[in-house]
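*Asks:* Chains as they are written, first to last, in this note's numbering: chain A, 232 to 456; chain B, 232 to 456.
No residue lacks a Cβ here, since even glycine has one placed at the ideal position from N, Cα and C.
Below: one structure in structure tokens.
There are 2 protein chains.
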Amino acid sequence: MTNKYKASTFICSEIEQKIATGAYKDGEKLNEADLADEFNVSRTPLREAFQILEGIGLVELIPNRGAFVRRPTMTRLVEMFEFMAELEAWCVKLATRRLTSAQQLYLKRAASDCEKALRAGKNDEYYEANNRLHGMIYQASGNAVLEEEAHRMHRRLRPFRRKQLDVTGRLEKSMQEHADILAAMDEGDEEKAADLMRKHIYTLGNTYDQYLAALEEVPADVIEL
Amino acid sequence: MTNKYKASTFICSEIEQKIATGAYKDGEKLNEADLADEFNVSRTPLREAFQILEGIGLVELIPNRGAFVRRPTMTRLVEMFEFMAELEAWCVKLATRRLTSAQQLYLKRAASDCEKALRAGKNDEYYEANNRLHGMIYQASGNAVLEEEAHRMHRRLRPFRRKQLDVTGRLEKSMQEHADILAAMDEGDEEKAADLMRKHIYTLGNTYDQYLAALEEVPADVIEL
DNA sequence: TTTTATGAGATTGTATATAATCTGTCTGAA
DNA sequence: TTCAGACAGATTATATACAATCTCATAAAA
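Here's what the structure looks like:
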């Protein structure tokens, strides 16, 4: 392995990508020996990667049978976004009640960083600032379990996102949505804030649906929110 | 291993129990070689068990450092119940809209089985029927991702439950709550049904809190709902 | 023909061996 | 003393060896 990280981590993200892009088809069996060969590692780290992938839901592990690709269908992907939307809406609702002034400041800075990055056309920075914004909302919910689950779900959706492309000015709209959510939080209107967040996240699923419903295969990724 | 199952599965539930009961203390390091010795297996299935436990959140895996017990604090346990309550409330809300008559029938039967088991004092049967009831509500939500996450969270809470004991007639109250939830669903009042379910689950956390807040240590388990 | 046995080959599960990394202690220089 | 470097022991990560299980084709029996 050229990478300094644990081999299993690397392998995991590689396979994750291959499943997301469709290089590995749904239901396909992943043979340990073959893949170990392909990645130039032994079966041990590979099996570890399988277990992680099972946790992400991209692989099904059947005892004494092996690992099988479980690629989300269009329907399932929409359900994942629906679930994520609800989680984030709940985070916002709780955060609105419990937000400290320090957290509030942090959120505004993250939002402003998003805007700067967008104007500068720096997608990586936008991505990072956006993560900071959402991450702080998870944290500000004050429920550490909810926070973790939100992060986990976000991570599960990651391979189905696209960092690079801004389709139909979605990013511009996202900026406005961020602002609206923060405004509603400032007003202390938790229902409104939650509702806006739900739509903000769920729009992704819909946009996705709208563009790609006709396609048989689930495409590789989704625009970033 | 005397068991016919995969060793890792067995080991996993053993360690799970030991963490829940406090035999392994929070933050304690789990040494691979020692535990392998203790369970009379090699380190391989043990490492697998660690990974599963990490997914359940009972262990933290630090690369090149090892596995460390992460036993939920009282606060965290309450947060877990809070999260579960919200998940189930959402399930009920969606289920109320989408319930088929077959599913409705299934629910009523499960509820009635709960009652029979309770009267007969058969705790195992109550447990099973109760699971059927809740499981069907997850399924009837129509969102497979939500359904899975509800099951996952239920499983995570399992080691902290107690199947045997009915404290302060909690089970009797649970029966009534089941009936009320189903009634609200029949009426098509999704908000009411969701609210009742939220309280039904969350009561556990509160009951727990009420009884055991004074204790320093998180006790082994919680009454069944 | 259909069904059940059986065995070889393939594949997964577990054990063990080797490599890489960490931890803590010691030394010696500033 | 205090701190960087280095070495030894311990521990984890990975590779390989061995055991258990499954798959599937073949063949014998109903």
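Identify whether Ala254 (chain B) lies in helix, strand or coil by the three-state DSSP scheme.
*Replies:* On the second sequence, residue 254 (chain B) is found 23 positions in, with the first residue counted as 1. Three-state DSSP puts Ala254 (chain B) in coil, outside helix and strand.
*Asks:* Mind pulling the chain A residues with CB within less than 8 Å of Glu310 (chain B)?
*Replies:* By 1-based counting over the second sequence, the position of residue 310 (chain B) is 79. In chain order: Asn374, Ala375, Val376, Leu377.
*Asks:* Restricting to runs no shorter than 3 residues, where is the beta strand (DSSP E) found entirely within the segment 288-365 of chain A?
*Replies:* You should have 290-293, 297-300.
*Asks:* State the start and end residues of the unbroken alpha helix (DSSP H) segment that holds Arg518 (chain B).
*Replies:* Since the displayed chain B opens at 232 and closes at 456, residue 518 (chain B) lies outside it and no answer follows.
*Asks:* Could one say the Cβ of Glu380 (chain B) lies closer than 8 Å to chain A's Cβ atoms, at least one of them?
*Replies:* Along the second sequence, read from residue 1 onward, the residue named residue 380 (chain B) stands at position 149. Yes, contact with chain A.
*Asks:* Could you work out which residue in A:Pro303, A:Lys347, A:Gln335 is closest to Asp417 (chain A) when comparing CA atoms only?
*Replies:* As a position in the first sequence, residue 417 (chain A) is number 186, starting the count at 1. Among A:Pro303, A:Lys347, A:Gln335, the Cα nearest to that of Asp417 (chain A) is on A:Gln335.
*Asks:* Taking 6 Å as the limit between beta carbons, can you name the residues of its chain near Asn361 (chain B), skipping five residues before and five after?
*Replies:* In the second sequence, counting from the first residue as 1, residue 361 (chain B) sits at position 130. Cβ neighbours of Asn361 (chain B) beyond the five flanking positions: Cys345.
*Asks:* To the nearest whole angstrom, what separates the beta carbons of Ala341 (chain A) and Met367 (chain A), a pair I think is in contact under 8 Å?
*Replies:* Taking the first sequence and counting its residues from 1, one reaches residue 341 (chain A) at position 110. Taking the first sequence and counting its residues from 1, one reaches residue 367 (chain A) at position 136. 6 Å between Cβ atoms; contact.
*Asks:* For Gln335 (chain B), go through chain A and note every residue whose CB falls closer than 7 Å to its CB, in chain order.
*Replies:* Here residue 335 (chain B) refers to the residue found at position 104 of the second sequence. Correct list: empty, because the minimum Cβ distance to chain A is about 22 Å.
*Asks:* As a quick exercise: from B:Arg429, B:Thr434, B:Tyr433, pick the residue whose alpha carbon is nearest that of Lys324 (chain B).
*Replies:* Locating residue 324 (chain B) in the second sequence gives position 93, counting from the first residue. The residue with the shortest Cα to Cα distance from Lys324 (chain B) is B:Arg429.
*Asks:* Hey, Gly286 (chain A) and Gly286 (chain B) are a contact pair by Cβ (cut 8 Å); roughly how many whole angstroms apart?
*Replies:* Counting from one through the first sequence, the residue named residue 286 (chain A) turns up at place 55. Counting from one through the second sequence, the residue named residue 286 (chain B) turns up at place 55. Between Gly286 (chain B) and Gly286 (chain A) the Cβ distance is about 5 Å, and since that is below 8 Å, they are a contact.
*Asks:* Can you tell me which of the three DSSP states Lys404 (chain B) falls into?
*Replies:* Residue mapping note: residue 404 (chain B) aligns to position 173 of the second sequence, counting from 1. In the structure shown, Lys404 (chain B) sits in a helix (DSSP, three-state: H, G or I).
*Asks:* If Ala381 (chain B) and Cys322 (chain B) are in contact, beta carbons under 8 Å, what's the gap, nearest whole angstrom?
*Replies:* For the purposes of this step, residue 381 (chain B) is taken as residue 150 along the second sequence, with counting starting at 1. For the purposes of this step, residue 322 (chain B) is taken as residue 91 along the second sequence, with counting starting at 1. 6 Å between Cβ atoms; contact.
*Asks:* Spatial neighbours of Glu279 (chain A) within its chain, please: C-beta separation below 6 Å, excluding the five flanking residues on both sides.
*Replies:* For the purposes of this step, residue 279 (chain A) is taken as residue 48 along the first sequence, with counting starting at 1. The residues are Ser239.
*Asks:* Please report the Cβ distance between Glu313 (chain B) and Tyr433 (chain B), rounded to the nearest whole angstrom; I am assuming they are in contact, meaning their Cβ atoms lie under 8 Å.
*Replies:* Walking along the second sequence from the start, residue 313 (chain B) turns up at place 82. Walking along the second sequence from the start, residue 433 (chain B) turns up at place 202. That belief holds up - the Cβ atoms of Glu313 (chain B) and Tyr433 (chain B) are roughly 6 Å apart, short of 8 Å.
*Asks:* Mapping the DSSP letters down to three states, classify Lys423 (chain B) as helix, strand or coil.
*Replies:* As a first step, residue 423 (chain B) is located in the second sequence; it is residue number 192 there, counting from the start. Here Lys423 (chain B) sits in helix by DSSP.
*Asks:* Closer than 9 Å by beta-carbon distance: list the chain B residues that pair up with Lys324 (chain A), in chain order.
*Replies:* Residue mapping note: residue 324 (chain A) aligns to position 93 of the first sequence, counting from 1. The contacting residues do not exist; Lys324 (chain A) stays about 10 Å from chain B at best.
*Asks:* What is the DSSP secondary structure of Lys237 (chain A), reduced to helix, strand or coil?
*Replies:* To locate residue 237 (chain A), count along the first sequence from 1; it is residue 6. Three-state DSSP puts Lys237 (chain A) in coil, outside helix and strand.
*Asks:* Inspect the beta-carbon positions of Arg328 (chain A) and Glu421 (chain A) and report whether they are closer than 8 Å.
*Replies:* Numbered from its first residue, the first sequence carries residue 328 (chain A) at position 97. Numbered from its first residue, the first sequence carries residue 421 (chain A) at position 190. Yes, Cβ-Cβ distance for Arg328 (chain A) and Glu421 (chain A) is below 8 Å.
*Asks:* Under 8 Å, Cβ to Cβ, is there at least one residue of chain A near Lys347 (chain B)?
*Replies:* What you label residue 347 (chain B) is simply residue 116 of the second sequence in a count that begins at 1. Cβ-Cβ to chain A under 8 Å: no for Lys347 (chain B).
*Asks:* Name the chain A residues whose beta carbon is nearer than 9 Å to that of Pro294 (chain B)?
*Replies:* On the second sequence, residue 294 (chain B) is found 63 positions in, with the first residue counted as 1. Near Pro294 (chain B) (Cβ distances below 9 Å), the residues of chain A are Tyr236, Lys237, Thr240.
*Asks:* Considering just the uninterrupted stretch of the alpha helix (DSSP H) at Glu269 (chain B), what are its terminal residues?
*Replies:* Here residue 269 (chain B) is taken as the residue at index 38 of the second sequence, counted from 1. Glu269 (chain B) -> alpha helix (DSSP H) spans 263-270.
*Asks:* Taking Ser372 (chain B) as the reference, give the member of B:Leu308, B:Ala326, B:Ile293, B:Val309 with the closest Cα.
*Replies:* One-based indexing of the second sequence puts residue 372 (chain B) at position 141. Selected option, being the one with the closest Cα: B:Ala326.
*Asks:* Does chain B have any CB closer than 8 Å to the CB of Pro276 (chain A)?
*Replies:* On the first sequence, residue 276 (chain A) is found 45 positions in, with the first residue counted as 1. For Pro276 (chain A), the answer is no, since every Cβ of chain B falls outside 8 Å of its Cβ.
*Asks:* Contact criterion: CB-CB distance below 8 Å. Does Arg307 (chain B) meet it with respect to chain A?
*Replies:* Reading the second sequence from its first residue, position 76 is the one you call residue 307 (chain B). Yes, Arg307 (chain B) lies at the interface with chain A (some Cβ there is under 8 Å from its Cβ).
*Asks:* Specify, as a first and last residue, the run of the alpha helix (DSSP H) that Glu259 (chain A) falls within.
*Replies:* For this step, residue 259 (chain A) is matched to residue 28 along the first sequence. No alpha helix (DSSP H) holds Glu259 (chain A); DSSP gives it neither H nor E.
*Asks:* Select from the segment 252-282 of chain B all residues with a C-beta closer than 9 Å to any C-beta belonging to chain A, and list them in chain order.
*Replies:* Hits within the stretch, in order: Thr275, Arg278, Glu279, Gln282.
*Asks:* Is Gly373 (chain A) helix, strand or coil when you go by DSSP?
*Replies:* To locate residue 373 (chain A), count along the first sequence from 1; it is residue 142. The answer is coil: DSSP assigns Gly373 (chain A) none of H, G, I, E or B.
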